[in-house]
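Structure record follows, encoded as structure tokens.
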Amino acid sequence: MYSQNEQELQLLGEKLGRLMKKQDVLILSGDLGVGKTTFTKGLARGLGIKQMIKSPTYTIVREYEGRLPLYHLDVYRIGEDPDSIDLDDFLFGVGVTVIEWGELLGASLPDDYLEIILTREHEGRTLTFKPHGLRAQNLLEEFQHGST
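Sequential numbering from 27 applies to the sequence shown in our numbering.
So this is what it looks like as structure tokens:
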């Protein structure tokens, strides 16, 4: 999937956000500045969140209230020490969890999550979706083929 600009990237996030359910987990991967937080801004809109979405780089986690709570994590700074935060509170809570740099968590990731890899291509971004688990597969199929 290709996004030509930030607005399109947010619209894709918003579309996915409308489909998300309690305990859905997204892993956003990609270089610095590729658009992980921009995508999350759109996703938050899809969840009915009105607050301004900020990068959780220095706070590790930010929580927002909407149709479902959004737990927005950036685990880049905790590296390979996932025990430094209690991930279970977010992964198995009542909301949706978005983890930037989530690939760094390795074995600490849940069994079911949707990974989105963002890469720069020309002036835009390419999004590659990798479902891990049945719910993630169903979410991706609904995103790609369903109507919102």
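Backbone N, C-alpha and C fix where the C-beta goes; we use that ideal spot for every residue, glycine too.
State buried or exposed for residue i, treating a residue as buried only when at least 16 other CB atoms are found within 10 Å of its CB.
| i | result |
| --- | --- |
| Thr174 | The predicted model places Thr174 with a pLDDT of 45, which falls under 50 and marks its position as unreliable; any figure quoted below should be read in that light. Classification for Thr174: exposed. |
| Leu165 | buried |
| Leu160 | exposed |
| Met78 | exposed |
| Gly59 | exposed |
| Gly132 | exposed |
| Gly172 | exposed |
| Thr66 | buried |
For a quick check, are the C-beta atoms of residue i and residue j less than 8 Å apart?
| i | j | result |
| --- | --- | --- |
| Thr64 | Leu35 | yes |
| Ile86 | Tyr139 | no |
| Val122 | Asp50 | yes |
| Leu45 | Phe169 | yes |
| Ile125 | Leu99 | yes |
| Glu147 | Tyr28 | yes |
| Gln30 | Glu149 | yes |
| Ile75 | Leu42 | no |
| Val120 | Lys48 | yes |
The alpha helix (DSSP H) spanning residue i covers which residue range?
| i | result |
| --- | --- |
| Glu91 | That residue, Glu91, is in no alpha helix (DSSP H); it is neither H nor E in DSSP. |
| Gln33 | Glu32 to Leu45 |
Sorry if obvious, but does the Cβ on residue i come closer than 7 Å to a heavy atom of the ligand ZN?
| i | result |
| --- | --- |
| Ser55 | By its list of ligands, the structure shown contains no ligand whatsoever, and the ligand ZN lies outside what it can speak to. |
Looking at the unbroken beta strand (DSSP E) that takes in residue i, where does it start and where does it end?
| i | result |
| --- | --- |
| Val51 | Val51 to Ser55 |
| Val124 | Val122 to Glu126 |
- prompt: At a cut of 8 Å, does the region 69 to 77 reach the region 87 to 97 through at least three beta carbon pairs?
  reply: yes
What are the start and end residues of each continuous beta strand (DSSP E) run of 3 or more residues lying completely inside the region 130 to 168, in chain order?
139 to 147 and 150 to 158
- request: Mind listing, in chain order, the continuous alpha helix (DSSP H) runs of no fewer than 4 residues lying wholly within the region 57 to 84?
  value: 62 to 72
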